[in-house]
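So the number in the numbering used here is just where the residue sits in the sequence shown, counting from 1, plus 28.
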Amino acid sequence: MIYRKDHIPRNTPHKRRPGYAMAATTLTIHNTGNESSNAAGERSWLTNPFNVRQASYHIVVDEREAVECLPLNESAWHSGDGSGSRSGNRTSIGIEICESGNYAQTLENAVTLVAGMLKERGWGVDRLRRHYDWSGKICPRLMYDGGKWTGWAQFKALVNLKLNEEERDMRVDKASTVINGNRLGDDSVLIEGRVYVPLAAVGKALGASVNWNNVTKTVTLTTKGAK
Ligand SMILES: [Zn+2]
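As structure tokens, then:
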């Protein structure tokens, strides 16, 4: 998936980019409500002279790309609960999921995008909001399922899975190694229950000679007295 920035100008009509500084604390998910428009189309709509609404959003994602329409540290008008300092408009990044094209692929892209954004911020899925949570609007409407919101539960579960997957892949903790009472340097690490230590340091601590054969990629440790 491509991620590109194409910010609307500060002087965009109807104050769609009000320029209020925002330190977001949540991500709000929407559907575009438009079955024929893709991310590029939704971005152009924000600066289309025929558009008279004071509505805007930070990111719009489709089957191919995500387009950032406003800087993520500025407010947009996407959650319809006014402009008070605790409103969604002032505290949340608005993400529009397109309804056009291959929706399964779009949803997959949205999961990847959102999981990445949560991870970047050290957040969990508890930071996710529906447009509905702010204003009661039935949005993201394709997750509504007649009020059961099964699509929403599923979306959050998929994002959570993605987050955990990445966490598992990346999980590296610091560890310490002590040999005969001597602590080695700080470069021991713990990966999935196993400690990895630079072998040269272990050899040295044991008084062994260490040889590395770069052709066969073999390290040989030989302690004194060994044949
Ligand atoms: Zn919405």
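The C-beta atom is built at its ideal place from N, Cα and C for all residues, glycine as well.
| query | Apart from the five residues just before and just after K43, which ones in its own chain have a Cβ nearer than 7 Å to its Cβ? | reply | Q82
| task | Report, in whole angstroms, the separation of the C-beta atoms of T251 and N239, which I expect to be a contact under 8 Å. | result | With a Cβ gap of about 13 Å, T251 and N239 do not count as contacting.
| To the nearest angstrom, how far is it from the Cα of H58 to the Cα of R45? | 18 Å
| query | Are three or more beta carbon pairs between the region 175-191 and the region 137-155 nearer than 8 Å? | reply | yes
| field | Near ligand 1: C126 beta-carbon under 6 Å from a heavy atom | value | no
| said: Can you tell me whether H106 is helix, strand or coil according to DSSP? | reply: coil
| task | Please go through the region 186-240 and give each complete beta strand (DSSP E) segment of 3 or more residues, from N-terminal end onward. | result | 201-203, 216-219 and 222-224
| query | Hey, is C167 close to ligand 1, as in C-beta under 6 Å from one of its heavy atoms? | reply | yes
| request: Measure the alpha-carbon distance for G179 versus E127 and round it to whole angstroms. | output: 14 Å
| task | Take I207 and list the residues in its own chain whose beta-carbon comes closer than 7 Å to its own, dropping the five residues that flank it on each side. | result | V230, A233 and L234
| request: For the alpha helix (DSSP H) holding S64, just list the boundary residues, first then last. | output: Element bounds for S64: n/a, residue is neither H nor E.
| Which residues bound the alpha helix (DSSP H) around G164? | Taken as a continuous stretch (DSSP letters only), G164 belongs to no alpha helix (DSSP H), as it is neither H nor E.
| Does DSSP put R118 in a helix, a strand or coil? | helix
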